[in-house]
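Student: Below is the structure I would like to discuss, written out as structure tokens.
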Amino acid sequence: MAIGSVGVATAVPRPSLRARLSELLDRENWLGPIFVSPALVLLLLLVAYPFCMALYFSVSNAFIGRPSNFIGIRNFVRLWESDAFRQTFQNAFVFCGLAVGAKIVLGISLALLLNQQLWFKRMIRGAVLLPWVIPTALSTLGWSWMFNSLYSVVNWTLLAIGIIDPPGPNWLGQKYYAMAAVIIVNIWRGLPFFAITLLAGLVAIPKELYEAAEADGAGPIARFWHVTLPLLKPVLAVVLLFSTIFTFNDFNIVYVLTRGGPVNSTHLFATLAYQTGLAGGNLGQGAAISLFMLPLLGLVVFFQLRYIRRE
Amino acid sequence: MITGVRSRGARVRSTMFGYANLVPFVFFALFPFYFMLITSFKSNAELYSLKSVPLWIQNGAITDHYRYLFGRTEFLTWIKNSLIISVAATSISLVIAVLAGYSLARLRFRGVGSFGTAVFITYLVPPTLLFLPLSQVVNWLGISDSIWALIVTYPTFLVPFSTWLLMGYFRTIPREIEECALVDGASRMQTLLRIALPMAIPGIVCVVLFGFTLTWNEFIYALTFVSQSTSKTAIVGVTADLIRGDIYYWGSLMAGAVLASVPVVACYVFFLDYYVSGLTAGAVKG
Amino acid sequence: MAAITRRRFLTTTASTGLAGILATGVPPARGQQREVLYLCWNNFAPLSDKKLSEIGQRFTKDTGIKLKIDHINAEQQPAKYASEVQTQAGHDLIEMRMHFPWLYEPQLVDVGDIVADLEKKYGKAISSAEETAKVRGTWRAVPQYHAMFVATYREDLFKKAGLKIPDTWEDLYVAGKELKKMGHPIGIPINQNLDSISTAGPILWSLGGMEVDRDGKTVRINSPQTAQLIEWYRKMFKDCMEPEVLSWDNASNNQSIQQGKAGWIHNPVSAYIVAKQMKLPTGDTINHHRTPGGPNGRHETDAPRHIGIWKFSKNVEPGKEFIRYLLGKPEVYNEYIMSGDAFNLPAYEKLQDHAVLKTDPKYAALKSEGVQYHAYGWPAPPSDRVQLITNSFILPIMLAKAVTGTSTKDAMAWADNEMKKIIAG
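Here the protein sequences come in this chain order: P, D and Z.
Add 2 to a position in the first sequence, counting from 1, and you land on the number used in this note's numbering.
Add 9 to a position in the second sequence, counting from 1, and you land on the number used in this note's numbering.
Numbering follows this note's numbering, in which position 226 of the third sequence is assigned residue number 220; successive positions increment by one, without gaps.
So this is what it looks like as structure tokens:
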């Protein structure tokens, strides 16, 4: 057993306590729990408890400032009958599917491009990473100004090039354009994460494999398909997992740009929950909306993790 | 047999092709900032005129929006608050995550496997709903309406990911080195501090950057837990004071957005390589 | 070396522990010195906020009660209020706009005594203030000021085309056709925001229609009056407006008239005031006229703002003293209103012809004789179910559907169904 060394310059009194503590800290089955306890306390108090409260809200008729009663799954049932909720459900899948899909394709492309020998590598990587780094609440405001119904620079440019006819689409106010706008901003914000992470995966692939494939006569596309992609799968799975969760629960982008409109066509679970629970005061319904997807997401996470662990 | 040696011309062409393909990505990434930047320097007359060209400044750059930001709002105080909060919250998260990550990676005891899954579960619940019961806890702790509320609650979304990342790093440190140190008479603490930690520096830098970014950008907790103007964070302050009812002070908003982004960008410029390697190591080392 | 690091480790954990947090983070004990915390919104007029803080300092000097005022964005109010209610801690006085007294009724102190005094001095509170601040017979907040919507138009364009100032909503259609031909269409948003409801409401009311009846339970949206409303919006959308109004947010109509496009909008006085402040060319040409009417009279959307006191506050009496100081003294109340540059108008009958309206001839129409003010959802009382109908924007969504192809019958049936679902709870 290691003897805890007592420092020469000890200024703290009670050496016996210190010796006892130092001995304690060396026993593995004490040390482990002690080390983990701050994290555990934090998570229990500030995550588990609020989570349980949110669960309780969702099965009660909680309303701001009023006493609440348990009502079982009535909130969830009522949600399914609500037009706005069904639309939100559809929106979430469309938004997530298209945004994540685009991020995968563009992310891999960008990663491949960044993987070349480049001058200004650091600057280019930095530039590419910028959207991810900047506070979303502020950059989305910038995009809101860019999509402004009157002063949109996007429309101005497209008009100037001649692609569209005046006056140009109302990006934030027309049904499908609004979804396109929020997806574009989500891609803009999330692409760096994909690209940089996938880049690391690419860098880890040994060059010899490529050279061997080339020697075997494989063209660039074949090399990509048979060498790059399979070896990228583990990294891709992890990035996909994180991105799916974050995109599904996205709040800021939709809230700042469209508030869920027009006609609920861009509402996501988080924004609808905010509108129902906070602006409307109906905490029970708001919680139910937020937690609706939890079981499904939980399953997705579970299977993804199993896949990653197996690899 | 012809091996993969290509002619010089082909290589130059493919490099040019590579650069050319990067241009749209870089443009897409940077254009909004360029636009926010020039908007912050445009005069109101030009900004709100349908006849002006939005892509550059035509009538001369003005600093009015910045002067309004500094003179009529408490912008500098907000930046100071954000800095304090981000540094404090990140430091706390780092300490907690290092301890937890090390023990989960090294020390044998039950519950290690399920921790990974638990990490993801904590991220599944949207913070837009968690914050209400969380505000109760904050109030119970006696720290509501102060920056301490944020310093205490921010680690909740930093610690899980940071722990998981550092776990991955610590696992890659060969056990033999630590065993040697233990045999030599070092305690576990010393091993952690003097051997494991230095080897996990990239992961630590990544955690620090990640923490700084997320805490700097956080919005809803900062909004609800702090009301005093002198305690607001940069983002809450900018969106609160510069949007009054249906009036958006676009020029100053963009100025605020640009300036509020500077500290985070500065971090990245210095630590970009660490961030890239750290972010990816978690994924690759898993 | 090891000892120092171990000590550092222990002190770090201690300082991140509860003890450390409480030791450094506890706010100074309140209740020893009387102190009132007031949370209010960022006023349209920044000068009004400054004046409020000035008055607050004078209050402290005169009474010895410390007053601290925090400001918050209107958008951020629901989240902040919800958290204060949940934790039963926070501020003492809070700004209660529009229907908030109904939403937070169980949490608000009965302030009937203060309102009775004010009404004795200034006459009855205006209709929209009473409808919103008096919940089931008890005053839960003290009305202070209001900002109503008013017709805002380009005087020069009307003169140029020899157009008559619209007195009814039908007149507006006639004028609108001409305006659109001149390239300055009318700008009424039809989207998921409050400005859209703020126009649709008055028109529906002027036709004698309503969303939910006075009892707060019966849905009356499926009616001939609503059909008339839809017809009016359809012809306005086709002949007087441009499709972009389907995408407008609350600021868009302001922007449109400020930069010279729209010829007529429906908005509070903010559009004109901002144009004046930013010295835009349109600042000189914008003017206001009285809200148009219909067969059932002239009705207008109003945003009354009140001051409420949380029940959990430990400073109820000092809080009431401040309210009496701010609103009970005519000189102070007047000073406060004057600083608002016609954004904030007094909420009591005898003060309607206020001096602030004379500071600019273009404010004349804000006197709004013969106009009845209501909050959203009138005539139903703004209970939480009715508020949910408002916040779900069912009325403008119905109109958006109708002007983009849905039949009148289907649109009304949809709205009827949605509203009934919400009322059923």
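C-beta: ideal position from N, C-alpha, C; glycine also.
1. Going by the DSSP bridge assignment, what does residue 173 of chain D pair with across the sheet?
2. Listing by chain order, which chain D residues have their CB less than 9 Å from the CB of residue 65 of chain Z?
3. Rounding to the nearest angstrom, what Cα-Cα distance links residue 139 of chain Z and residue 400 of chain Z in this structure?
4. Since residue 64 of chain Z is in the beta strand (DSSP E), which residue starts that stretch and which ends it?
5. Can you find a C-beta in chain D that's less than 9 Å from the C-beta of residue 85 of chain Z?
6. Spatial neighbours of residue 132 of chain D within its chain, please: C-beta separation below 8 Å, excluding the five flanking residues on both sides.
7. For a contact defined as C-beta to C-beta under 7 Å, what are the partners of residue 262 of chain D on chain P?
8. Under 9 Å, Cβ to Cβ, is there at least one residue of chain D near residue 107 of chain P?
9. For a contact defined as C-beta to C-beta under 9 Å, what are the partners of residue 152 of chain D on chain P?
10. Is the CB of residue 164 of chain D under 9 Å away from at least one CB in chain P?
11. Between which two residues does the alpha helix (DSSP H) harbouring residue 302 of chain Z extend?
12. Short of 8 Å in beta carbon distance, which residues of its chain neighbour residue 186 of chain Z, apart from the five on each side in sequence? Order them along the chain.
13. State the Cα-Cα distance for the pair residue 418 of chain Z and residue 67 of chain P, rounded to the nearest angstrom.
14. With 9 Å set as the bound, which would you pick, yes or no: does the beta-carbon of residue 219 of chain D sit closer than that to a beta-carbon of chain Z?
15. Identify the contact partners of residue 257 of chain D in chain Z, using a Cβ-Cβ distance below 7 Å as the criterion.
16. Could you tell me the alpha carbon to alpha carbon distance between residue 95 of chain P and residue 72 of chain Z, rounded to whole angstroms?
17. Which of the three DSSP states is assigned to residue 253 of chain D in this structure?
18. Measuring only between beta-carbons, confirm whether residue 225 of chain D sits less than 9 Å from chain P.
19. Taking only three categories from DSSP, how would you classify residue 110 of chain D?
20. Using a Cβ-Cβ cutoff of 7 Å, what residues of the segment 262 to 274 of chain Z are near chain B? List them in chain order.
21. Under a three-way DSSP split, which group does residue 83 of chain D fall into?
22. Whose C-alpha, out of P:241, P:205, P:268, P:237, is nearest the C-alpha of residue 252 of chain P?
23. What residue range does the alpha helix (DSSP H) around residue 259 of chain Z cover?
24. Does the Cβ of residue 41 of chain Z have 16 or more other Cβ atoms within 10 Å, making it buried, or fewer, making it exposed?
25. Where do the N-terminal and C-terminal ends of the alpha helix (DSSP H) with residue 35 of chain D fall, by residue?
26. Within 10 angstroms of the Cβ of residue 266 of chain Z, are there 16 or more other Cβ atoms? Answer buried if so, exposed if not.
27. Could you confirm whether any beta carbon from chain D is found closer than 9 Å to the beta carbon of residue 92 of chain P?
28. What residues in its chain sit with their C-beta under 7 Å from that of residue 309 of chain P, if we drop five residues either side in the sequence?
29. Should residue 149 of chain D go down as buried or exposed, given a rule of 16 or more other Cβ atoms within 10 Å for buried?
30. If you pair each beta-carbon of the segment 264 to 280 of chain Z with each one of the segment 102 to 112 of chain Z, do three or more pairs fall below 8 Å?
31. Among P:157, P:39, P:174, which one has its Cα closest to the Cα of residue 166 of chain P?
32. Kindly indicate if chain Z contains any beta-carbon less than 9 Å away from that of residue 210 of chain P.
33. DSSP three-state call for residue 29 of chain Z: helix, strand or coil?
34. Would you mind working out which of Z:195, Z:248, Z:94, Z:287 sits nearest residue 276 of chain Z, comparing C-alpha positions?
35. Could you check where the alpha helix (DSSP H) with residue 137 of chain Z kicks off and where it finishes?
36. Counting only C-beta atoms, is residue 40 of chain Z closer than 9 Å to chain D at any point?
Tutor: Straight from the coordinates:
1. As a position in the second sequence, residue 173 of chain D is number 164, starting the count at 1. Partner(s): none; residue 173 of chain D has no beta bridge.
2. Taking the third sequence and counting its residues from 1, one reaches residue 65 of chain Z at position 71. Correct list: 236, 238, 249, 250.
3. On the third sequence, position 145 is the one that residue 139 of chain Z refers to. On the third sequence, position 406 is the one that residue 400 of chain Z refers to. Looking at the two C-alpha atoms, the distance is approximately 40 Å.
4. As a working mapping, residue 64 of chain Z is identified with position 70 in the third sequence. Where residue 64 of chain Z is concerned, the enclosing beta strand (DSSP E) stretches over 60 to 66.
5. Indexing the third sequence from 1 puts residue 85 of chain Z at position 91. Output row for residue 85 of chain Z: interface = yes.
6. Within the second sequence, residue 132 of chain D is the residue found at index 123, counting from 1. 166, 169, 170.
7. The residue you call residue 262 of chain D lines up with position 253 of the second sequence. Within 7 Å Cβ-Cβ: 143.
8. For this step, residue 107 of chain P is matched to residue 105 along the first sequence. No - not a single Cβ of chain D is within 9 Å of the one on residue 107 of chain P.
9. In the second sequence, the residue the question calls residue 152 of chain D occupies position 143. Those within 9 Å of residue 152 of chain D in chain P number zero; the least Cβ separation is about 12 Å.
10. As a position in the second sequence, residue 164 of chain D is number 155, starting the count at 1. Yes - at least one Cβ of chain P is within 9 Å of the one on residue 164 of chain D.
11. Against the third sequence, residue 302 of chain Z aligns to sequence position 308. From DSSP, residue 302 of chain Z is part of no alpha helix (DSSP H) but of the beta strand (DSSP E) over 293 to 303.
12. Sequence index remark: in the third sequence, residue 186 of chain Z carries index 192 (1-based). So the qualifying residues of the chain are 387, 390, 391.
13. Residue 418 of chain Z sits at position 424 when you count from the first residue of the third sequence. Residue 67 of chain P sits at position 65 when you count from the first residue of the first sequence. Near 21 Å, if we compare the C-alpha coordinates of residue 67 of chain P and residue 418 of chain Z.
14. Here the question's residue 219 of chain D lines up with position 210 in the second sequence. Judged by the 9 Å Cβ criterion, residue 219 of chain D is not in contact with chain Z.
15. Within the second sequence, residue 257 of chain D is the residue found at index 248, counting from 1. Under the 7 Å cutoff, chain Z gives 245.
16. Locating residue 95 of chain P in the first sequence gives position 93, counting from the first residue. Locating residue 72 of chain Z in the third sequence gives position 78, counting from the first residue. Cα to Cα, the separation comes out at about 28 Å.
17. One-based indexing of the second sequence puts residue 253 of chain D at position 244. Correct three-state label for residue 253 of chain D: strand.
18. As a first step, residue 225 of chain D must be located in the second sequence, where it is residue number 216. True, the Cβ-Cβ gap to chain P drops below 9 Å.
19. Taking the first residue of the second sequence as 1, we reach residue 110 of chain D at position 101. Three-state DSSP puts residue 110 of chain D in a helix.
20. Among the chains of the structure shown, chain B does not appear; the protein chains present are P, D and Z.
21. The sequence position of residue 83 of chain D within the second sequence is 74, counting from 1. It is coil, neither helix nor strand.
22. By 1-based counting over the first sequence, the position of residue 252 of chain P is 250. Answer by Cα proximity: P:268.
23. Position 265 of the third sequence, counting from 1, holds the residue named residue 259 of chain Z. Taken as a continuous stretch (DSSP letters only), residue 259 of chain Z belongs to no alpha helix (DSSP H), being part of the beta strand (DSSP E) at 258 to 261.
24. Residue numbering aside, residue 41 of chain Z sits at position 47 when the third sequence is read from its first letter. It is exposed - the Cβ of residue 41 of chain Z has fewer than 16 other Cβ atoms within 10 Å.
25. Looking up residue 35 of chain D in the second sequence gives position 26. Segment 17 to 50, the alpha helix (DSSP H) holding residue 35 of chain D.
26. Numbered from its first residue, the third sequence carries residue 266 of chain Z at position 272. Buried, by the Cβ-count rule.
27. Here residue 92 of chain P is taken as the residue at index 90 of the first sequence, counted from 1. Not an interface residue.
28. Position 307 of the first sequence, counting from 1, holds the residue named residue 309 of chain P. Around residue 309 of chain P: 239.
29. Sequence index remark: in the second sequence, residue 149 of chain D carries index 140 (1-based). The residue is exposed, with fewer than 16 neighbouring Cβ atoms inside 10 Å.
30. no
31. Counted from its first residue, the first sequence places residue 166 of chain P at position 164. Answer by Cα proximity: P:157.
32. Translated into the one-based positions of the first sequence, residue 210 of chain P becomes position 208. No, residue 210 of chain P does not count as interfacial toward chain Z.
33. Here residue 29 of chain Z corresponds to residue number 35 of the third sequence, with the count starting at 1. Residue state, collapsed to three classes: strand.
34. Numbered from 1 along the third sequence, position 282 holds the residue referred to as residue 276 of chain Z. Closest option to residue 276 of chain Z, Cα to Cα, is Z:248.
35. Here residue 137 of chain Z refers to the residue found at position 143 when the third sequence is read from its first residue. Here residue 137 of chain Z belongs to no alpha helix (DSSP H); instead the beta strand (DSSP E) covers 136 to 142.
36. Within the third sequence, numbered from 1, the residue matching residue 40 of chain Z stands at position 46. Yes, its Cβ sits closer than 9 Å to a Cβ of chain D.
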